[in-house]
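J.:
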């Protein structure tokens, strides 16, 4: 069985494998996940990668095994295929740590999002619809379930550029997205 250490202040996790693991002539004794390098942009990339694999809408990224796996791959700099080839116990431990990271994001912006959204008018929704059309982005599952729509609405509510929202740590970005989603669904 592998062992692990998590340093919360730096968002790193080191998993020591139960035994040396070899994949394509490369040996691994441990796998280090540096979640501190991940941003909202990585979240969009993960979503696009999953969509390319035929996986559609995710209800909650933190609890989706595929999203956890790709998050771990990005945080480690090791290809997803390598992580999938690991012994089950080790792969599960990496996914569990990715889930822990994704769930633990706390963002002041996410906490304030409901109040900020309440200040906007229907004109804002029309502007977002027009922007998405101009960008040739089709909202298929509805605004509340569309990451790009939520991103644009969060940026408008916070009065910051979209890039600033995308630059948030991944777990904070997901909290902002969920706050907007809940608001649009009438839950927040």
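Residue numbers (the working numbering): 1389 to 1576.
By construction, the Cβ of each residue, glycine as well, lies at the ideal position given by its N, Cα and C atoms.
Just so it is clear, the structure is predicted and the values come from calculations on it, not from any experiment.
Indicate the three-state DSSP secondary structure (helix, strand or coil) for residue 1427 in the structure shown.
T.: Of the three classes helix, strand and coil, the one that applies to residue 1427 here is strand, per DSSP.
J.: Can you tell me whether residue 1522 is buried or exposed, with buried defined as 16 or more other CB within 10 angstroms of its CB?
T.: Exposed is the call here.
J.: Drop a sphere of 10 angstroms on the beta-carbon of residue 1403, count the other beta-carbons inside from all chains shown, and report buried for 16 or more, exposed for fewer.
T.: Under this definition residue 1403 is a buried residue.
J.: Need the endpoints of the beta strand (DSSP E) that residue 1405 sits in, please.
T.: Taken as a continuous stretch (DSSP letters only), the beta strand (DSSP E) holding residue 1405 covers 1400 to 1411.
J.: Does DSSP put residue 1418 in a helix, a strand or coil?
T.: Note: residue 1418 maps to strand in three-state DSSP.
J.: Under 8 Å by Cβ, that's how I've got residue 1558 and residue 1427 pegged, so tell me the actual separation to the nearest angstrom.
T.: That pair is a contact at about 6 Å.
J.: Would you tell me roughly how many angstroms separate the C-alpha atoms of residue 1550 and residue 1556, rounded to the nearest one?
T.: Roughly 10 Å separates the two Cα atoms.
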